[in-house]
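Asker:
Number of protein chains: 2
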Amino acid sequence: MAVDRIFDALASRPRREILAYLSAQELTAGDLASRFDMSAPAVSRHLSVLESAGLVSSERRGQYVYYQLNSHNLVNTLTGFAFEICPNGRPLKRESRKMRAAKKQGT
Amino acid sequence: MAVDRIFDALASRPRREILAYLSAQELTAGDLASRFDMSAPAVSRHLSVLESAGLVSSERRGQYVYYQLNSHNLVNTLTGFAFEICPNGRPLKRESRKMRAAKKQGT
DNA sequence: TAAGCAATTAACATATTAGTTAAATGATTA
DNA sequence: TAATCATTTAACTAATATGTTAATTGCTTA
Chain A
1 MAVDRIFDAL ASRPRREILA YLSAQELTAG DLASRFDMSA PAVSRHLSVL ESAGLVSSER
61 RGQYVYYQLN SHNLVNTLTG FAFEICPNGR PLKRESRKMR AAKKQGT
Chain V
1 MAVDRIFDAL ASRPRREILA YLSAQELTAG DLASRFDMSA PAVSRHLSVL ESAGLVSSER
61 RGQYVYYQLN SHNLVNTLTG FAFEICPNGR PLKRESRKMR AAKKQGT
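Below you can see the structure in the form of C-alpha cells.
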C-alpha cells in the first residue's frame, strides 16, 4: 500500500533531512551526498526509497541526476492520515492559520 | 529527538491501526490484542512503542490497562513536519476546508 | 576510443525490529 | 491464601534495514 511505503520512507532521519533540503530547491545526488556524513551509495539508496514511495522524482540531465520533492504526496498522506485519526480537526485548523500568517510575512 | 520516535512509531501498519482503533474510543490492551492476528505480547510491545513516542497514554484501572490516543501530539508532529517541508501551504488549507465540511455534516 | 566524473548496483557485515512462547507481575475473588 | 485473569517482561529466532567498499553503468570530452 502506498501509505505503508510513505511512512516507511519517513522513518529515517537522513531521509527526512533529504526532503527538507529538497524543499528549498532541486539538487543532484552528489549535492545531497556531500551534505551528509555518509557514502554516496548510502545516500543513493535513501533516494531510491524516497522515490519509490513517490516522495521525490528524479530526472537525468547529462551526467547528473536531479532530484525534486513531490510535496503534494507528502502533504496529502500526512494530513489525510491525521484527519483519519483525528476527526475533530481543531489542531489542523490551527496549523492552517499559522501557515496563512507565515505566508503573509513572506517567510 | 521526539520527532524521530514519532515517525518511527508510525512506520508500522499494526501501530497505525492501533491509533485508528483508539481514535474512536479508549480500549484495553486485551481489547486491542483481540483485534489483531498477533499474540498479546506483540501488541503490548507495539503499545509501548506508541506510548514512549507520546502518541498514546495508558491508565491502569483494576485488572485492566486502558489506552487512549493523544491526538494532539500526532497531529502537531505531522502537520508541523508537513509545514516545514512544504512552506507553501495550499494542500493543508485544502485539507482543512474538507475538514470543516465534514464537521458541518456531522461526520 | 580512452579517460574521467556522476551515480547506481552488488556483495557483505552489523544492528535493529517484529514476531514467537514461557515466565513474571498486578489485581481480583473464591 | 490460592486460583485466575490481564498484562508485561524475558529469551530467543528470523527477517529487514543501514552502512561500508568494490564493481558497474551512463555520460562527456580530450
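Just so you know, the protein sequences line up as chains A and V, in that order.
Residue numbering for the first sequence is 1 to 107, as defined by the UniProt record's numbering.
Residue numbering for the second sequence is 1 to 107, as defined by the UniProt record's numbering.
Glycine included, each C-beta is placed from N, C-alpha and C at the ideal position.
1. Along chain A, which residues have their Cβ under 9 Å away from the Cβ of V:L27?
2. Run the CB neighbour count on A:A82, radius 10 Å, all protein chains shown included, and call it buried at 16 or more, exposed below.
3. When you check each C-beta in the region 6-21 of chain A against every C-beta of chain V, which residues fall closer than 9 Å?
4. Which residues of chain V have a Cβ atom closer than 8 Å to the Cβ of A:E84, listed in chain order?
5. Do you know how far the Cα of A:N73 is from the Cα of A:S44?
6. How should V:A40 be labelled, buried or exposed, when 16 other C-beta atoms within 10 angstroms of its C-beta is the threshold for buried?
7. Hey, is A:D4's beta-carbon within less than 8 Å of any beta-carbon in chain V?
8. Are the region 64-72 of chain A and the region 54-63 of chain V touching by the rule of at least three beta carbon pairs closer than 8 Å?
9. Report the rounded CA-to-CA distance for A:A20 versus V:I85, giving the unit in angstroms.
10. Of all Cβ atoms in chain V, is any one closer than 8 Å to the Cβ of A:V75?
11. For A:R60, which residues does DSSP report across the bridge?
12. Confirm, please, whether the CB-CB distance from A:T79 to V:T79 is below 8 Å.
13. Would you say V:L32 lies against chain A (beta-carbon separation less than 8 Å)?
14. Apart from the five residues on each side of it in sequence, which residues of its chain come closer than 7 Å, Cβ to Cβ, to A:L10?
15. So with CB distances below 7 Å, who are the chain V contacts of A:S58?
16. Listing by chain order, which chain A residues have their CB less than 8 Å from the CB of V:L78?
17. Secondary structure at V:L55, three-state DSSP: helix, strand or coil?
18. Using the Cα positions of A:F36 and A:R13, report the straight-line distance between them to the nearest angstrom.
19. Here's the rule I'm using: 16 or more other beta-carbon atoms within 10 Å means buried, otherwise exposed. How should A:S34 be labelled?
20. Distance, Cα to Cα, V:Q105 vs A:L50?
Answerer: The short version:
1. Numbered from its first residue, the second sequence carries residue 27 of chain V at position 27. Going along chain A, no residue has its Cβ under 9 Å from V:L27, so there is no contact; the nearest lies around 14 Å.
2. The residue labelled residue 82 of chain A in the question sits at position 82 within the first sequence. Its Cβ being crowded by 16 or more others within 10 Å, A:A82 is buried.
3. F7, D8, A9, L10, A11, S12, R13, R16, L19 and A20
4. Mapped onto the first sequence, residue 84 of chain A falls at position 84. A20 and S23, listed in chain order.
5. If you number the first sequence from 1, residue 44 of chain A lands on position 44. If you number the first sequence from 1, residue 73 of chain A lands on position 73. So the two alpha carbons sit approximately 21 Å from each other.
6. As a position in the second sequence, residue 40 of chain V is number 40, starting the count at 1. Looking at its Cβ environment, which holds fewer than 16 other Cβ atoms inside 10 Å, V:A40 is exposed.
7. The sequence position of residue 4 of chain A within the first sequence is 4, counting from 1. Yes, A:D4 lies at the interface with chain V (some Cβ there is under 8 Å from its Cβ).
8. no
9. Mapped onto the first sequence, residue 20 of chain A falls at position 20. Mapped onto the second sequence, residue 85 of chain V falls at position 85. Their backbone Cα atoms lie some 5 Å apart in a straight line.
10. Taking the first sequence and counting its residues from 1, the one referred to as residue 75 of chain A is at position 75. Interface residue, yes.
11. The residue given as residue 60 of chain A occupies position 60 in the first sequence. According to DSSP, which records beta bridges pairwise, A:R60 is partnered with A:V65.
12. In the second sequence, counting from the first residue as 1, residue 79 of chain V sits at position 79. In the first sequence, counting from the first residue as 1, residue 79 of chain A sits at position 79. Yes.
13. Within the second sequence, the letter at position 32 stands for residue 32 of chain V. Taking Cβ atoms only, chain A never reaches closer than 8 Å to V:L32, which makes this a no.
14. Position 10 of the first sequence holds residue 10 of chain A. Result list for A:L10: R16, in chain order.
15. Counting from 1 along the first sequence, the entry for residue 58 of chain A is found at position 58. The contacting residues do not exist; A:S58 stays about 18 Å from chain V at best.
16. Taking the second sequence and counting its residues from 1, one reaches residue 78 of chain V at position 78. Listed along the chain, the chain A residues whose CB falls inside 8 Å of the CB of V:L78 are L78, T79, F81 and A82.
17. By one-based count along the second sequence, residue 55 of chain V stands at place 55. Looking at V:L55 - three-state DSSP - the assignment turns out to be coil, as it is neither helix nor strand.
18. Reading the first sequence from its first residue, position 36 is the one you call residue 36 of chain A. Reading the first sequence from its first residue, position 13 is the one you call residue 13 of chain A. A:F36 and A:R13: Cα-Cα distance of roughly 11 Å.
19. For this step, residue 34 of chain A is matched to residue 34 along the first sequence. It is exposed - the Cβ of A:S34 has fewer than 16 other Cβ atoms within 10 Å.
20. Sequence index remark: in the second sequence, residue 105 of chain V carries index 105 (1-based). Sequence index remark: in the first sequence, residue 50 of chain A carries index 50 (1-based). Model confidence at V:Q105 stands at a pLDDT of 46, short of 50, so the residue's coordinates are unreliable; what they give is reported in the following sentence. If I take the Cα positions, the gap works out to 37 Å.
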